[in-house]
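The sequence shown maps to residues 11 to 626 in my numbering. Positions of the beta carbon are idealized from the N, C-alpha and C atoms, including for glycine.
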Amino acid sequence: MQNNITFLSSPAGDNPAGEPRPLLGVSRSATGRRWLARPHDERLALAHAQRGGLPELVGRVLAARGVDLDQAEDFLGPTLKRFLPDPHALLDMQAAAEHLADAVRRGRRLAVFGDYDVDGATSSALLVRFFRAVGADIQAYIPDRINEGYGPNAPALLRLREAGVDLVITVDCGVTSFEPLAAAAQAGLEVIVVDHHKAEPALPTARAVVNPNRLDETVTDRLGSLAAVGVSFLLVVAVNRVLRAAGWYANRAEPDLMGWLDLVALGTVCDVVPLVGLNRALVAQGLKVMSRRNNVGLAALADVAGINERMDAYHAGYILGPRVNAGGRVGRADLGTRLLSTEDPVEARELAAQLHTLNAERRAIEALVLEEAIAMVEAQASTDPLTDAGALVIAGAGWHPGVIGIVASRLKERYGVPACVVALEGGIGKASGRSVRGIDLGSAVIAARQAGLLLAGGGHAMAAGFTVAEDRLADLRAFLADRIAQQTAGQGPLVPTLHLDGVVSVRGASADLLGHITRLGPFGTGNSEPRLAVADARIVRADVVGGNHVRCILSSADGARLKAIAFRAMDEDLGPALLNHGGRPMHLAGTLRADRWNGAEGVQLTIDDAALPGAS
11 MQNNITFLSS
21 PAGDNPAGEP
31 RPLLGVSRSA
41 TGRRWLARPH
51 DERLALAHAQ
61 RGGLPELVGR
71 VLAARGVDLD
81 QAEDFLGPTL
91 KRFLPDPHAL
101 LDMQAAAEHL
111 ADAVRRGRRL
121 AVFGDYDVDG
131 ATSSALLVRF
141 FRAVGADIQA
151 YIPDRINEGY
161 GPNAPALLRL
171 REAGVDLVIT
181 VDCGVTSFEP
191 LAAAAQAGLE
201 VIVVDHHKAE
211 PALPTARAVV
221 NPNRLDETVT
231 DRLGSLAAVG
241 VSFLLVVAVN
251 RVLRAAGWYA
261 NRAEPDLMGW
271 LDLVALGTVC
281 DVVPLVGLNR
291 ALVAQGLKVM
301 SRRNNVGLAA
311 LADVAGINER
321 MDAYHAGYIL
331 GPRVNAGGRV
341 GRADLGTRLL
351 STEDPVEARE
361 LAAQLHTLNA
371 ERRAIEALVL
381 EEAIAMVEAQ
391 ASTDPLTDAG
401 ALVIAGAGWH
411 PGVIGIVASR
421 LKERYGVPAC
431 VVALEGGIGK
441 ASGRSVRGID
451 LGSAVIAARQ
461 AGLLLAGGGH
471 AMAAGFTVAE
481 DRLADLRAFL
491 ADRIAQQTAG
501 QGPLVPTLHL
511 DGVVSVRGAS
521 ADLLGHITRL
531 GPFGTGNSEP
541 RLAVADARIV
551 RADVVGGNHV
561 RCILSSADGA
571 RLKAIAFRAM
581 DEDLGPALLN
591 HGGRPMHLAG
601 TLRADRWNGA
611 EGVQLTIDDA
621 ALPGAS
């Protein structure tokens with residue numbers, strides 16, 4: 011379920027002149043949201059439909075995503091030939107590529123220092139695979155989330171130096187690691203930073219800092235949304251070019267860089283960066299590579315997760331990604347990188363099984379922390395309305411730091427406001443935050459650190475992490491509320507909304523429509539999966555499956571039927587609303603997906619929300 015935020019200048023339901031009316035009249039749904047039609051240019055939508063021979067609903071989706079008529083072909087069929095830039099457009103890229111190519115030719119010992127999330131694991135695995143393929147001596151180091159925390163730390167860097175490493179490449183971290191990188195330089199260890207997080211005016215001590223979000227960078231508008239694995243791929247392209255020009259491949263095979271786009275797709279999807287422009291092309295092409303299952307680690311993980319169909323962004327983001335992440339959250343931090351970089355099928359199966367087990371453990375821990383966090387939010391809400399809080403900052407002793415990011419995401423989805431979850435131990439809190447569209451949480455966290463409220467912190471618009479002393483939590487809450495109020499000044503209070511791309515009947519939710527919608531993928535941030543309202547559907551059967559999911563059969567007056575399911579619906583008001591419909595027609599909101607079972611393929615609605623006609 012995805013919450014967007016609409017800013018209203020008066021309470022929901024008043025509908026003063028100029029404000030959009032609720033779609034199907036739903037101003038308060040079963041999950042407390044207002045339904046709105048996604049804004050779009052009707053004339054452009056019609057032009058898309060006519061020129062492309064598309065259903066009008068698909069034309070509206072293209073128009074709502076800001077796709078002009080002359081961009082439609084590239085949007086529906088994104089290619090790297092069209093979108094891949096010259097890597098040297100990034101500051102320091104040429105220096106980094108030349109220095110790394112020279113290190114390869116001279117046989118220097120390299121190490122990649124990565125983050126423990128999926129973006130870090132895929133970035134690290136990509137660099138390990140590339141440098142091994144060109145004959146370099148390289149190892150990966152992934153810090154332990156609990157004992158070492160995020161990013162480079164001086165003790166780890168110094169240990170790498172003592173082990174004979176000459177040059178370290180940090181990926182998905184490093185741009186604000188001033189003290190650790192200064193210590194590395196003093197010890198004679200060279201560092202190249204490859205990152206994508208927001209930078210500060212000063213840069214760390216490093217041989218090169220490649221980051222499209224450097225403040226002095228000129229390509230941020232085009233490349234600033236890249237995940238770290240996307241930046242890493244551009245680095246690989248650049249180094250490969252230098253090696254080719256130097257004749258390095260005269261007596262050895264040049265690696266097929268396109269064969270590693272599965273890693274780029276996985277990291278890009280899981281880092282929740284906008285799937286537009288280059289990101290869209292990387293994911294579209296990478297998913298094709300992923301479906302070939304050439305990476306033995308990804309293939310083993312797909313097998314253990316029970317994926318027996320062509321993989322898409324959903325599989326990457328919701329099935330593979332959480333398992334890769336599980337090692338960094340509740341197990342060994344390096345398991346994901348090891349799985350994605352191994353060439354040994356036996357090792358791959360063993361690592362995949364470990365990650366699958368750890369993911370189940372992670373889910374159990376997450377459920378307990380989420381239950382406690384929701385109880386705290388509800389207690390706070392009785393005296394501090396959520397719309398006045400700016401951001402939820404919920405702290406608990408004994409919470410596992412490995413699941414707080416997921417819990418923050420769940421709270422953000424549930425309440426429609428930015429959420430930060432803090433795991434306290436010994437007077438210190440490690441925190442992870444997730445934001446909603448329209449609020450830049452990363453910049454607010456960086457400002458809090460610069461104001462002396464945090465021990466460490468950083469991030470980007472939609473996600474952030476920080477370390478805070480327990481006795482500064484109240485000050486931090488007030489600071490974030492003030493910063494978010496500044497960002498939203500003049501826009502009115504936050505009201506949870508669900509934006510929908512169109513309305514269909516039960517019969518209209520067909521396989522033909524799904525086929526057209528599929529062409530709009532890959533889906534993710536910046537190109538969300540089209541959400542539809544299925545109007546006036548009767549629930550002829552509803553039951554609870556898997557403990558907290560609700561499975562339904564929908565029907566319409568003309569006899570059409572449609573399967574539907576609402577995941578985790580019993581954890582909120584949606585589940586009871588579906589079970590206790592009383593035979594009345596309902597409006598249901600959600601996404602259409604393929605339903606494959608026993609060799610047959612149909613259509614299923616994944617329900618995000620529900621409302622009775624005339625709900626308010």
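- Non-local beta-carbon contacts of R551 in its own chain, meaning distances under 7 Å to residues more than five positions away in sequence, involve C562, I563 in chain order.
- Under the DSSP assignment, C430 falls in the beta strand (DSSP E) whose first and last residues are 429 to 435.
- The criterion of a C-beta distance shorter than 9 Å is satisfied by A599 and L510.
- Going by DSSP, T132 is part of the alpha helix (DSSP H) stretching over 128 to 143.
- Burial is judged here by how many other beta carbons sit within 10 angstroms of a residue's own beta carbon; V356 has fewer than 16 and is exposed.
- Distance from L79 to R61 at the Cβ level is roughly 6 Å; contact confirmed, criterion being Cβ atoms closer than 8 Å.
- Rounded to the nearest whole angstrom, the CA to CA distance from A57 to D51 is 10 Å.
- If you ignore the 5 residues before and after D581, its C-beta comes within less than 8 Å of the C-beta of N558, all in its own chain and listed in chain order.
- Relative to the Cα of E376, the nearest Cα in the group T352, G412, D344, L361 belongs to G412.
- Here the C-alpha atom of T347 lies approximately 25 Å from the C-alpha atom of T477.
- Runs of the alpha helix (DSSP H) lying entirely within the segment 208 to 247, each at least 4 residues long, are 230 to 233 in chain order.
- For V178, the pairing in a beta bridge is given by DSSP as A121, V201.
- Cβ atoms of P30 and L46 come within 8 Å of each other, at about 5 Å.
- Contact annotation: A113 and P162 have beta-carbon atoms that are not nearer than 9 Å.
- By the Cβ rule, the segment 176 to 185 counts as touching the segment 130 to 141, because three or more pairs are nearer than 8 Å.
- Per DSSP, L465 lies in no alpha helix (DSSP H) segment and is marked neither H nor E.
- A Cβ-Cβ separation of about 6 Å places V201 in contact with R217 under the 8 Å criterion.
- Out of L191, A263, G518, V560, the CA that lies nearest to the CA of A567 is found in G518.
- Assignment of beta-bridge partners to C562 by DSSP yields A552, A574.
- When C-beta atoms of the segment 81 to 95 are compared with those of the segment 117 to 125, fewer than three pairs fall below 8 Å, so the two segments do not count as touching.
- Looking at V229, G124, R339, V387, the one whose alpha-carbon comes closest to that of T367 is R339.
- Looking at the backbone, the Cα of A495 and that of L451 are separated by about 12 Å.
- Scanning its chain for C-beta atoms nearer than 8 Å, with the 5 sequence neighbours on each side dropped, one finds around V247 the residues L94, P97, L267, in chain order.
- In this structure, the straight-line span from the alpha carbon of Q390 to that of A587 is close to 25 Å.
- Under DSSP, N537 takes part in a beta bridge, and its partners are G534.
- Every unbroken stretch of the alpha helix (DSSP H) spanning 4 or more residues and falling wholly within the segment 476 to 504 is given here in chain order: 483 to 497.
- R53 counts as exposed, since fewer than 16 other C-beta atoms from the protein chains shown sit within 10 angstroms of its C-beta.
- In this structure M321 is not in contact with S351, their Cβ atoms being roughly 19 Å apart against a cut-off of 8 Å.
- Here W607 is exposed: its Cβ has fewer than 16 other Cβ atoms, across all protein chains shown, within 10 Å.
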